[in-house]
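Read through the structure below, which is laid out as structure tokens, and then see the notes.
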């Protein structure tokens, strides 16, 4: 190897490995796919070894590429942390903060937290990525994630906000009038239930608990959706019983378009947490975002009951 590769080449290489796509990596880096491909050919020439297997549809690392990526990932993250550490000596936080969560949570953040944060810290860009799956935020290059507390990995530092969460079972008044109201979770087998398909492809099994008694029901029904907001709308359209985050159904319940059933089987659970790895430097921008969450949380709790915020991805076994 006569010439050492540049930092930009190595960073671009890890981005390609993360996306398994020249096109997606090029979009993130702000380059054209042809420019990125040319950079990788130059990198391979300088290193004297092929790093990527290319086809017309995909790209994957060779054995040498995998070994290089495994070493580069931690090194580049440490470099980023070193650069971010000087933020405290600037006029304020800057750079980009990447957070992985769900689309439902992002909508809630857009109500207060995001506008407040962007107005207060104009030099920080927020990159909010909606994902129904639980991922390794460190391996996928995120600064933090937001999930229900019971879904947060134990080795992460978790900051709770938004108050407790609750899933509720709801149906329209007309549906209840025509089909009756279930009095136990087991009676759901006699009803048309609106099922939820998880990002993994599995159907979510409804979880209930009352006075320490837990039960899981594999419901059946003629309609399956992959979005909890659509489930609420379907239930309000008399299509069956849905099991959804309470905050999504609140307006419908208030308007009388939905009624709650099996309420005593739907207790509160721990709500949302922003979480991040404790062994890494915490970027100044992320610390500022956490402060905004705490600030807004304090204002809400001093004036109103804490909102019930929940993620559609279930936790322990299925709610995770």
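Numbering (the working numbering), first residue to last: 4 to 323.
Even for Gly, the Cβ is constructed at its ideal location relative to N, Cα and C.
Please read these numbers as outputs of a predicted model, since none were measured by experiment.
(message) Just to confirm the assignment: which complete alpha helix (DSSP H) runs, minimum length 4, are found wholly within the segment 114-195?
(response) 116-123, 176-182
(request) Classify residue 23 as helix, strand or coil using the three-state DSSP reduction. (result) coil
(message) Among 34, 22, 66, whose alpha-carbon lies nearest the alpha-carbon of residue 60?
(response) 22
(request) Can you check the segment 5-91 for any alpha helix (DSSP H) of at least 4 residues that lies completely inside it and give the ranges in chain order? (result) 10-22, 25-32, 36-50, 66-87
(request) Please report how far the alpha carbon of residue 3 lies from the alpha carbon of residue 97, in whole angstroms. (result) Given a span of 4 to 323 for the chain in the structure shown, any question on residue 3 remains unanswerable.
(request) Compute the Euclidean distance between the alpha carbons of residue 112 and residue 64, then round it to the nearest angstrom. (result) 37 Å
(request) Quick one: residues in its chain with C-beta nearer than 7 Å to the C-beta of residue 292, no 5 flanking neighbours on either side, listed in chain order? (result) 100, 120
(message) To the nearest angstrom, how far is the alpha carbon of residue 13 from that of residue 24?
(response) 16 Å
(message) Checking the sheet assignment: what are the DSSP bridge partners for residue 222?
(response) Answer by DSSP bridge pairing: none, since residue 222 is not bridged.
(request) Within the same chain, show all residues whose beta-carbon is closer than 6 Å to that of residue 10, passing over the 5 residues directly before and after it, in chain order. (result) none
(request) Out of 235, 33, 253, point me to the one whose CA is closest to residue 246's CA. (result) 235
(message) Tell me whether the segment 169-185 and the segment 261-281 touch, counting them as touching only if at least three CB pairs, one residue from each stretch, are closer than 8 Å.
(response) yes
(message) Considering just the uninterrupted stretch of the alpha helix (DSSP H) at residue 232, what are its terminal residues?
(response) 231-239
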